[in-house]
Amino acid sequence: MKRIVISTGGGDAPGLNAVIHAVVKSADSRDWEVYGSRSGYLGLLDPDELIRLTPEKVEDITPTGGTILGSTNKGNPFAMPVENLAGEIQIRDLSERVMKNFNRMGFFCHIAVGGDGSLEIAHRFATEKGMPVIGVPKTIDNDLEATELTFGFDTAVSTATEALDKLHSTAKSHDRVMVVEVMGRESGWIALNSGVSGGADVILIPEIPFDTQVICRKLTDNELHGKHYAIVVVAEGAKSRNGLTVIQDNDKCAVGRQEVLLGGIGEWVSRQIKECAGKDTRTMVLGHLQRGGSPTTFDRMLALRFGAAAVRMAEAGQFDQMVALSSGSMKAVPLAEAIKQRKKVPLDSDKILTAREIGICLGDEY
Ligand code: F6P
Numbered sequence: 052m053k054r055i056v057i058s059t060g061g062g063d064a065p066g067l068n069a070v071i072h073a074v075v076k077s078a079d080s081r082d083w084e085v086y087g088s089r090s091g092y093l094g095l096l097d098p099d100e101l102i103r104l105t106p107e108k109v110e111d112i113t114p115t116g117g118t119i120l121g122s123t124n125k126g127n128p129f130a131m132p133v134e135n136l137a138g139e140i141q142i143r144d145l146s147e148r149v150m151k152n153f154n155r156m157g158f159f160c161h162i163a164v165g166g167d168g169s170l171e172i173a174h175r176f177a178t179e180k181g182m183p184v185i186g187v188p189k190t191i192d193n194d195l196e197a198t199e200l201t202f203g204f205d206t207a208v209s210t211a212t213e214a215l216d217k218l219h220s221t222a223k224s225h226d227r228v229m230v231v232e233v234m235g236r237e238s239g240w241i242a243l244n245s246g247v248s249g250g251a252d253v254i255l256i257p258e259i260p261f262d263t264q265v266i267c268r269k270l271t272d273n274e275l276h277g278k279h280y281a282i283v284v285v286a287e288g289a290k291s292r293n294g295l296t297v298i299q300d301n302d303k304c305a306v307g308r309q310e311v312l313l314g315g316i317g318e319w320v321s322r323q324i325k326e327c328a329g330k331d332t333r334t335m336v337l338g339h340l341q342r343g344g345s346p347t348t349f350d351r352m353l354a355l356r357f358g359a360a361a362v363r364m365a366e367a368g369q370f371d372q373m374v375a376l377s378s379g380s381m382k383a384v385p386l387a388e389a390i391k392q393r394k395k396v397p398l399d400s401d402k403i404l405t406a407r408e409i410g411i412c413l414g415d416e417y
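Going by this note's numbering, the first residue of the sequence shown is number 52, and it counts up by one from there.
See the structure below:
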């Protein structure tokens, strides 16, 4: 009887449970056993945290948000924060312990569902430790270059668009500027898609450094044309022309984190607008609302296809590779390729052109 293990790492995304469902059911149809590793690699560090996933256990999880396995973005076994007897936190390499447990359990493949950070760890296990790994791309930010789309993105955009739709009426009632901060560390996909669909006046994305004077010119022009309210959508990773990014004071939670915690750029932009345009502003941070809830039909389908394709790849022995969406089909791409760089919004893309042509200011010109 063949055995595989599946883990979910990094920030969660709607559709993770659909991937787990598809992996378990597809493996079961081949008479393979599936185990789930809790909280990323925790189950591989401590076998008590491994759970046997049967078809019955995953029967009704596809429509649910989150991940039944739990997740973490502080779980890199190559650099694990461990408390010593003196109560101090030390960073230790526990990758050998993972390999021992992997082999002891008789797993022949690890399906690692994650974003750039988790896939990088998976690739290290494949190349440095010889673990047979298959990656499944996950991130609401949709910033993985090797796949046309990641699951979770469509749900996040729907949530953000719905929020923008609701904010229009209150912004209008009070003649206010509502600044809405959405997720997107290095790429503005959520901001752009929700902002264009949700009728934003200004959209600020990491790919286009913004100038507050330009934003204010746009809002002043709105006033001249009789529009006294506005919606400004800001991606959390947006940067001003002079290089400002806003991060949270994460001293307390930084140990072992794979990336710095962003947040606060919306409030900063809001204050600038108040100053230069003299408008009453309010800030709303959509935050983790975008990561929660039931996946859309699109995300469920994509996640199920990724899960089933990952099992096909395991059967074919296509390790150190990631399943990707390419021209509507499932494709295997080397993990090394997949983690090379982030997928940015192309500045000459039709979406950018559409935004500009329908009068949306992107912070660089007006
Ligand atoms: O990468 C996905 C993401 O949702 C980012 O947009 C965001 O910056 C980050 O995760 C937040 O992670 P955490 O779970 O640590 O708050």
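Beta carbons are placed, not taken as given, at the ideal position from N, Cα and C, and that holds for glycine.
When DSSP builds the beta bridges, which residues end up paired with PHE142?
For the record, residue 142 in the displayed sequence is Ile; it is not Phe. DSSP output for ILE142 lists PRO132 as bridge partner(s).
What does the alpha-carbon distance come out to for the pair LEU101 and ILE55?
For LEU101 and ILE55, the distance between alpha carbons rounds to 11 Å.
Would the beta-carbon of PRO65 fall within 8 Å of that of GLY116?
Against a cut-off of 8 Å, the Cβ pair of GLY116 and PRO65 comes out as a contact.
Is it true that the CB of ILE142 sits closer than 8 Å to the CB of PRO132?
Yes; because the gap between Cβ atoms is below 8 Å, this pair is in contact.
Can you check which of these residues, GLN369, GLN392, ILE409, is closest to MET182 by C-alpha distance?
Cα-wise, what sits closest to MET182 is GLN369.
For ILE191, verify whether its CB is less than 7 Å away from any heavy atom of the ligand F6P.
Checking every heavy atom of the ligand F6P against the Cβ of ILE191, one is found closer than 7 Å.
Beta-carbon separation of VAL297 and GLY315 under 8 Å?
A contact, by the Cβ cut-off of 8 Å.
Anyone know if the C-beta pair for GLY414 and ILE266 falls short of 8 Å?
The answer is yes: Cβ separation under 8 Å.
Report the rounded CA-to-CA distance for ASP226 versus LEU255, giving the unit in angstroms.
Those two C-alpha atoms are separated by around 21 Å.
Can you name the start and end residues of the beta strand (DSSP E) that GLU4 belongs to?
This structure cannot settle anything about residue 4, because the visible part of the chain is limited to 52 through 417.
Look up ARG393 in the DSSP assignment and give the residues it is bridged to.
Answer is LEU195.
Just verifying my parser: in three-state terms, what is the DSSP assignment at ILE55?
Three-state DSSP puts ILE55 in a strand.
Would you kindly work out how many angstroms separate the C-alpha atoms of MET229 and TRP319, rounded to a whole number?
So the alpha carbons of these two residues sit roughly 13 Å apart.
Taking 7 Å as the cut-off, is the CB of GLU196 close to at least one heavy atom of the ligand F6P?
No; taking the cut-off as 7 Å, the Cβ of GLU196 has no heavy atom of the ligand F6P nearer than that.
Rounded to the nearest angstrom, what separates TYR417 and ALA251 at their Cα positions?
Rounded to whole angstroms, TYR417 to ALA251 spans 15 Å at the Cα level.
Hey, could you find the ends of the beta strand (DSSP E) ILE254 is sitting in?
Unbroken beta strand (DSSP E) run through ILE254: 253 to 255.
Any heavy atom of the ligand F6P closer than 7 Å to the Cβ of MET234?
Yes, the beta carbon of MET234 sits closer than 7 Å to at least one heavy atom of the ligand F6P.
As a quick exercise: from VAL384, HIS339, ASN154, GLY239, pick the residue whose alpha carbon is nearest that of SER400.
Nearest C-alpha to SER400: GLY239.
Tell me which same chain residues have a C-beta within less than 7 Å of the C-beta of THR201, skipping the five on either side of it?
PRO188, LYS189, THR190, ASN193, LEU195.
Touch check for the region 367 to 387 and the region 168 to 180: three-plus C-beta pairs under 8 Å?
These segments touch.
How many angstroms separate the CA atom of GLU287 from the CA atom of VAL231?
Rounded to the nearest angstrom, the two C-alpha atoms are 10 Å apart.
Measuring alpha carbon to alpha carbon, tell me which of ASN154, ARG393, GLY157 ends up nearest LEU170.
The shortest Cα separation from LEU170 among ASN154, ARG393, GLY157 belongs to ARG393.
The beta strand (DSSP E) that contains GLY246, what's its start and end?
GLY246 -> not in any beta strand (DSSP E); alpha helix (DSSP H) instead, spanning 240 to 248.
Just reading off the alpha helix (DSSP H) that GLN299 is part of, what are its end residues?
Careful: GLN299 lies outside any alpha helix (DSSP H) and carries neither H nor E.
Under the three-state reduction of DSSP, which class applies to SER377: helix, strand or coil?
If DSSP states are grouped into helix, strand and coil, SER377 belongs with the strands.
Among the residues of its own chain, which have a CB less than 7 Å from the CB of THR332, if the five just before and after it don't count?
ARG227, VAL228, VAL230, SER321, ILE324, LYS325, listed in sequence order.
What I want to know is whether the C-beta of ASN124 ends up closer than 7 Å to one or more non-hydrogen atoms of the ligand F6P.
Checking every heavy atom of the ligand F6P against the Cβ of ASN124, one is found closer than 7 Å.
Identify, in the order they occur along the chain, each residue of the same chain with its Cβ nearer than 8 Å to the Cβ of ARG407, setting aside the five sequence neighbours on each side.
LEU413.
Got a sec: does the ligand F6P put a non-hydrogen atom nearer than 7 Å to the Cβ of GLU287?
The answer is yes for GLU287.
The alpha helix (DSSP H) that contains GLU179, what's its start and end?
Counting along the chain, the alpha helix (DSSP H) containing GLU179 begins and ends at 167 to 180.
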